[in-house]
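All remarks here apply to the structure that follows.
In full-length UniProt numbering, the protein residues as written are 1 to 191.
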């Protein structure tokens, strides 16, 4: 996938590091994260906001597999969002994590907290993908849209892997008759 050009600075930017920024008149611009953050900082009056670029890191999961995480820091008015994610090609896929902080928080402290959140998630598995079964009666993951299916069917990402809705249903059938609790949480919340 090709890089995209930021409409403000003109730099070629990978798609994961761009934001479609809207204005009050309904016009949208494609901005790199740096230009987006600068625009928000200016409009919010944060003259000392430091737009930090964070290098990717590699972490190992409980099965010894390596995962490379990229980071994006976005200023959201008085708050900041720090996202950590894997890439497939040049788009986020697999594991994704987020922390929300205050605009004046130390970004490196937030990064440390996000890395600990990632390490906790990588320390166990919810699904045995060889046997196609749920481990220890609990599944945590993320809800996505399955664009390969007609209509609006969900796709879930569990243990950093896409699981089709029908496949999740088959895994659940091994527990027919059992009770369950479905809890939905914001991406920045700890599960």
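C-beta atoms are modelled at their ideal positions from N, C-alpha and C, and glycine is treated no differently.
Quick caveat: nothing in here was measured; it's all calculated off a predicted structure.
Every unbroken alpha helix (DSSP H) inside the UniProt domain "DUF7713" (133-189) [4 residues or more]: 165-173
Run of the beta strand (DSSP E) containing residue 41, from where it starts to where it stops: Numbered from its first residue, the chain shown carries residue 41 at position 41. Where residue 41 is concerned, there is no enclosing beta strand (DSSP E), although the alpha helix (DSSP H) it sits in stretches over 33-44.
For residue 134 and residue 16, the rounded distance between their alpha carbons: Within the chain shown, the letter at position 16 stands for residue 16. Within the chain shown, the letter at position 134 stands for residue 134. Distance between the alpha carbons of residue 16 and residue 134 is about 31 Å.
Residue 121 classed as buried or exposed, judged by whether at least 16 other C-beta atoms fall within 10 angstroms: Taking the chain shown and counting its residues from 1, the one referred to as residue 121 is at position 121. It counts as buried.
Rounded C-alpha distance that separates residue 33 from residue 19: Taking the chain shown and counting its residues from 1, one reaches residue 33 at position 33. Taking the chain shown and counting its residues from 1, one reaches residue 19 at position 19. Their Cα atoms are separated by approximately 6 Å.
Residue 113, DSSP secondary structure in three states: Locating residue 113 in the chain shown gives position 113, counting from the first residue. Helix.
Beta-carbon gap between residue 75 and residue 98 smaller than 9 Å: On the chain shown, position 75 is the one that residue 75 refers to. On the chain shown, position 98 is the one that residue 98 refers to. Contact: no.
Closest Cα partner of residue 182 within the set 152, 21, 142, 174: Within the chain shown, residue 182 is the residue found at index 182, counting from 1. Checking every option, the nearest Cα to that of residue 182 belongs to 142.
Continuous alpha helix (DSSP H) assignments of at least 4 residues falling wholly in the UniProt domain "DUF7686" (50-123): 107-122
contact_flag[the segment 36-56, the segment 72-90] where n(CB pairs < 8 Å) is 3 or more: yes
Cutoff 8 Å; reference residue 56; Cβ partners in own chain excluding five residues on either side: Looking up residue 56 in the chain shown gives position 56. Answer for residue 56: 68, 69, 70, 71, listed in chain order.
Outcome for residue 9 when other beta-carbon atoms lying within 10 angstroms are tallied against a minimum of 16: Against the chain shown, residue 9 aligns to sequence position 9. Under this definition residue 9 is an exposed residue.
Any 3 or more C-beta pairs closer than 8 Å across the segment 79-86 and the segment 94-108: yes
Residue 85 classed as buried or exposed, judged by whether at least 16 other C-beta atoms fall within 10 angstroms: In the chain shown, residue 85 corresponds to position 85, counting from 1. Per the 10 Å Cβ criterion, buried.
Minimum C-alpha distance to residue 12 - residue among 167, 105, 172, 31: The sequence position of residue 12 within the chain shown is 12, counting from 1. Among 167, 105, 172, 31, the Cα nearest to that of residue 12 is on 31.
Cβ-based burial, residue 171 [other Cβ within 10 Å; buried from 16]: Locating residue 171 in the chain shown gives position 171, counting from the first residue. Counting Cβ neighbours within 10 Å, residue 171 comes out buried, since at least 16 surround it.
Beta-carbon proximity list for residue 41, same chain, < 7 Å, skipping 5 on both sides: Working through the chain shown from its first residue, we reach residue 41 at position 41. Cβ within range, chain order: 49, 75.
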